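Line by line, the protein sequences give chains V and Z.
Number 307 marks the last residue of the first sequence (this note's numbering); no jumps.
Number 1548 marks the last residue of the second sequence (this note's numbering); no jumps.
Encoded as structure tokens, the structure appears first; notes follow it.
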Amino acid sequence: MAGEPQSLPVTVIGGYLGAGKTTLINHLLRHADGLRLGVLVNDFGELPIDADLIESQDDNVISITGGCMCCSYGSDLIAALRDLDQLPSPPDHLLIETSGVGLPDAIAQSVRLIPRFTIDGVIVVADTETLLKQGADTYIKDTIERQLHAADIVILNKADLTDEETRSETRRWLTGMAPDCRVLESVNAEIPLSVLLGRGLDPLFDREHGAGHIHEHATHEAAIFQVDGPVAPEALAEHLASRELNLVRTKGFVPASDGRLYTLQTVGRRWSVSPAPMQKAEGRIVCITHTPPIDAERIAGIISAVS
Amino acid sequence: MTATTTIYPARRILTMNPANPEATHVAVRDGRVLGAGTLAELAGWGDYDLDERFADKVLMPGLVEGHSHATEGSFWRYVYCGYFDRTDPSGKTWPGLRSIDAVVARLREVNAELGEGDSPISAWGLDPIYFGDVLVSRGDLDRVSTDRPLGIRQASGHIMSVNTKALELSGLLRTGIEHPGIPLDTEGLPTGEMKGPDAMELVAGHVGLDRKVMSADEWGFRQFGRLCVRQGVTTAADLANPLPDDAVDMMLRITGEADYPARIIPLRRFQGVTPRELIDRSRELREKSTDMLRLGRVKIHADGSIQGFTARIRWPGYYNGAPNGLWYATPEQLQEIYELALQHDLLVHTHTNGDEATELMLDTFERALQKFPRADHRFTLQHCQLADTAQFRRMKKLGTCVNLFSNHIFYWGDQHYEKTVGPERAQRMNACATALREGVPLAIHSDAPVTPLGPFFTAWCAVNRETPTGRILGEAERISVADALHAITIGAAYTLKLDHEIGSIEAGKRADFAVLEDDPTMIGEAKLKDVRIWGVVQGGRVFAAADI
């Protein structure tokens, strides 16, 4: 694909003031592990980036350890994106933090106006302790609802500050509000980068061994599935994104009946399929859930159903 | 050597000073009013020069525009395409363009003047709402040129219309675009109408309407001063400026020149900074204030606009069923700014178009004021177009002022009646009579460049409440000429905390006068907008509109 700039995946991070958007961004920066993250924030505000991560700072750009960077976009998102697009070595993945009353879907729509950028997913961070109260507030409830409606993944942050009753009540309310999105609980927004951004999964495809569980963790689990025969990629993606499987992310390459290989990706309820840039002999997908165990039998069943 | 005193006799002097409402002469020394009265009374101050050039004129206090934007000056770089006649800084009146064909014809003239080449044509002021809300498409604008990029910023400021060449240069002449701000034609290509800041930004640079050009535009700032003279304005608020250092330096330099004719009050906009940074920056700026440039005031936007359906309004919502609008700041941010401003004695003006935004301002401000009580804070609600009587009563209790957008009644009153908020609430929009009855300090404004700068026109709107179709929108909210004249002088000065210096002609105040050919109290309510303006005296300096 020489000469053609690679598309740059963008994750929009929304949520009301104080929910933990900045905490999440710092967590991801801290665990970027060689991935060059770009961060666009609405304003530089009070410490958008943890001080120990900052290498240098001027009025417009904060340089961050590990080749990451942070800029503010203020009232002009398009200009900020264009500036990023012009960089000699743009970041591998871009995070855009919305303002506290910003609507993540509006940001996502604008990002798509510049061909280089593709929306990877929309994550909305919510404060478990105050979400129900905000959802009932005369002034901001419809803003909160609009933000949640836009989410592929909702992070219920500060889960440790609440009791089980509040958490389950919040989850019930959320299910009514945004039925398709995936809901992850967290403390200090500590969700693994691979789960949220789907990065760092590529080496998994090079493993010698075939299908099986590859990673188990108390809060999430990943599994690889072999896809041998041709499948209908769109149908498979749509199934994998369904609420029933409750997968946070899937990523893979699958052969279709036209003899070509397709890249398949899901982020919460969002799915996409596009022709794969490279050709491989066999198809494989990685599935990640935050509610282990992965229902391997069911996924295998889906794969054969769309074959 | 003692300072010289000049005494001006005039046909009539309306002082707006209730203790001395009328005078035949005014004496000026050191740029200030020495006194207003009879020649005999003023002669007691000693030697004077009698300057009779205003002997057949009517003098009023210099008018105060409490909500405008100095960018009105910058827009005159571009081709005016508005529906109504509008006078440019040089005094030339550009006739309103009453059809798309007329718009195309004017732009064709410009295209012909430009001759060969591919430099862009930049225009402003288009308002298709008066053409029956039709789309002005790239096809229409291609009739002007297919070689040059062409863009028109619409009157609302929220939409840009461009031709095919502009789309092509912006990389937008393609299918597959999905964005609510970019409507598509039957072939799936953009129509040329670009709505909202993101869609506009994609094309703005290609049609010469880049916003950055405006931020510290010296030429435009000078033009704004000329417009002030033509409209009898001696003090104008520049109500929402990000105020970067270069803009502040430029404004300080130009307002410091011997012949800049208007005092400018820029308010620092809350955008791109935290509440604390906003307050710190405003306190820093306050220290840089001069007589002619008053810094250190704050502006916050709580919501959007009514005709753009982005204002936050209470139940029963928009008349056409559109969903509620957008918040531009969180309630927590408003509260924090109010609390900090009260502690540091900074004046805050809050943009609230919809009545829900007004309610939020009152709620948060009430809490802040309980925590940090301060007498005479003069926090002001700007636009505040839909406030009801109960809200005006709360404003009175909380000590807030209001600056209502009376020009809206004329420019978009019919649309508000028919489409946005419906008949009942349209009739209470910009409720000047209710504000006065409930005792809320009142100013009225143009929001130039959204509507033209011109306080007599604004006063005419508040007095008559007439729309272009002849509808009287809310007869009960009409106010008297005397009240309207108060609102455009001392009333507006009060909301800016400058009423002790300007807004009336009385001993000790700045010698700021509007010099008029007609007497606004005699011309008749229906003709208030037609008062002819000779020019101004600003800080004792005489500026004739004809020479500016």
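Built from N, CA and C at the ideal position, the CB exists for glycine as well.
A quick note: this is a predicted structure, and the numbers were derived from the prediction, not measured.
Query                                                                                                                                     : Result
Alpha-carbon spacing of V:Leu156 relative to V:Thr143, whole angstroms                                                                    : 17 Å
Length-filtered (4 minimum) alpha helix (DSSP H) runs lying within the stretch 1003 to 1077 of chain Z                                    : 1039 to 1043 and 1071 to 1075
Contact test: V:Cys287 Cβ vs the ligand NAP heavy atom, cutoff 7 Å                                                                        : No copy of the ligand NAP occurs in the structure displayed, which carries no ligand at all.
Distance CB(V:Arg167)-CB(V:Val183) smaller than 8 Å                                                                                       : no
Z:Leu1398 vs Z:Arg1374 beta-carbon contact at 8 Å                                                                                         : no
Proximity of Z:Thr1330 and V:Val101 at Cβ, strictly below 8 Å                                                                             : yes
Stretch pair the stretch 129 to 140 of chain V + the stretch 84 to 96 of chain V: three plus CB contacts closer than 8 Å                  : no
One or two residues paired with V:Arg182 in a DSSP bridge                                                                                 : V:Ile153
Contact under 8 Å by Cβ, Z:Thr1434 with Z:Glu1477                                                                                         : yes
Start and end residues, alpha helix (DSSP H) containing Z:Asn1464                                                                         : Pro1455 to Asn1464
Inter-residue spacing [alpha-carbon to alpha-carbon] between V:Thr175 and V:Met69                                                         : 35 Å
Residues bridged to Z:Met1160 [DSSP beta-bridge criterion]                                                                                : Z:Arg1153 and Z:Met1194
Between the CA atoms of V:Phe253 and V:Ile285 - distance to the nearest angstrom                                                          : 6 Å
Closer than 8 Å to chain V by CB, Z:Trp1327                                                                                               : yes
CB of V:Val61 within 8 Å of CB of V:Glu97, strictly                                                                                       : no
Sequence-distant residues of the same chain with beta carbon closer than 7 Å to V:Arg199, five excluded per side                          : Leu35, His93 and Leu193
Nearest-angstrom Cα separation, counted from Z:Asp1238 out to Z:His1067                                                                   : 7 Å
Length of the line joining the Cα atoms of Z:Asn1020 and Z:Val1028                                                                        : 17 Å
Cβ distance (whole Å) where Z:Pro1197 is taken to contact V:Ser75 below 8 Å                                                               : 7 Å
N-terminal and C-terminal residue of the beta strand (DSSP E) that V:Phe117 is part of                                                    : Phe117 to Asp127
Validate contact between the stretch 1128 to 1144 of chain Z and the stretch 1097 to 1104 of chain Z using beta carbons, cut 8 Å, 3 pairs : yes
Length of the line joining the Cα atoms of Z:Leu1567 and Z:Ile1129                                                                        : Because chain Z is modelled from 1001 through 1548, residue 1567 of chain Z falls outside the range shown and cannot be assessed.
Euclidean distance between Cα positions of Z:Glu1517 and Z:Pro1190                                                                        : 51 Å
Limits of the beta strand (DSSP E) - the one that V:Gly252 falls within                                                                   : Leu247 to Pro255
Best match in Z:Ser1446, Z:Gly1508 and Z:Thr1087 for proximity to Z:Gly1035 [C-alpha to C-alpha]                                          : Z:Gly1508
Coarse secondary structure for Z:Ala1493, derived from DSSP in three states                                                               : helix
Three-state secondary structure (DSSP) of V:Ile78                                                                                         : helix
With 16 other Cβ atoms within 10 Å as the buried cut-off, status of Z:Asp1499                                                             : buried
Per-residue burial, V:Glu221 [other beta carbons within 10 Å of its own, 16 or more giving buried]                                        : buried
Z:Gln1343, enclosing beta strand (DSSP E) - first and last residue                                                                        : It is not in any beta strand (DSSP E) - Z:Gln1343 instead sits in the alpha helix (DSSP H) that spans Pro1331 to His1344.
Residue-chain proximity (V:Arg270, chain Z), Cβ-Cβ < 8 Å                                                                                  : no
CB contact check: Z:Ile1177 to chain V, cutoff 8 Å                                                                                        : yes
Delimiting residues of the beta strand (DSSP E) encompassing Z:Gln1271                                                                    : No beta strand (DSSP E) contains Z:Gln1271, which DSSP labels as neither H nor E.
CB contact check: Z:Val1621 to chain V, cutoff 8 Å                                                                                        : Because chain Z in this structure spans residues 1001 to 1548, residue 1621 of chain Z falls outside the shown range and cannot be described.
Beta-bridge pairing of V:Asp92 - partner residues as DSSP gives them                                                                      : Bridge partners of V:Asp92: none, in fact.
Z:Gln1231 and Z:Ile1533 closer than 8 Å at C-beta                                                                                         : yes
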